[in-house]
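This report concerns only the one structure given below.
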Amino acid sequence: PSQLLMYLDGAGGTGKSKVIKVICEYFKQTNQEKTLVICTLTGFAASNIEDCTLHSLCRFRFSEDDDNDYRYNFL
1 PSQLLMYLDG AGGTGKSKVI KVICEYFKQT NQEKTLVICT LTGFAASNIE DCTLHSLCRF
61 RFSEDDDNDY RYNFL
């Protein structure tokens with residue numbers, strides 16, 4: 001099957017987490033849960049759905065330089 005990419009957007013309290021949980025349950029019941037990757041842009045959102053951020057999925061690391069600016073460190 002071809003790859004499915006989905007972007008779920010909406011204001012707080014509109015049910016995004018519930019939709020994600022239903023999708024996860026579907027993949028679990030069809031024995032496809034290992035093929036599902038879910039990530040969010042913020043750590044707070046990731047904690048709501050028990051998953052990871054886009055930065056951690058891509059293994060981006062941040063470091064602070066001498067000017068207190070944050071820089072990406074790509075692995």
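Every letter in the sequence shown is one number past the one before it in UniProt numbering, and letter 66, counting from 1, is 66.
Glycine included, every Cβ here is placed at the ideal spot set by N, Cα and C.
Here the structure is a predicted model, which means the values were calculated and not measured.
Collapsed DSSP secondary structure at residue i in the structure displayed
{"i": "Cys-58", "result": "coil"}
{"i": "Ser-47", "result": "helix"}
{"i": "Gln-29", "result": "helix"}
{"i": "Ser-17", "result": "helix"}
For residue i: DSSP bridge partner residues
{"i": "Thr-40", "result": "Thr-53"}
Candidates the options, of which the one nearest residue i by Cα
{"i": "His-55", "options": "Lys-18, Cys-39, Leu-4, Tyr-7", "result": "Cys-39"}
{"i": "Val-19", "options": "Gly-12, Gln-29, Leu-8, Thr-42", "result": "Leu-8"}
{"i": "Met-6", "options": "Val-37, Cys-58, Phe-60, Leu-57", "result": "Val-37"}
{"i": "Gln-3", "options": "Thr-14, Gln-32, Asp-51, Ala-11", "result": "Gln-32"}
Sequence-distant residues of its chain with Cβ nearer than 7 Å to residue i (five each side left out)
{"i": "Asn-48", "result": "Ser-17"}
Cutoff 8 Å; reference residue i; Cβ partners in own chain excluding five residues on either side
{"i": "Leu-41", "result": "Thr-53, Leu-54"}
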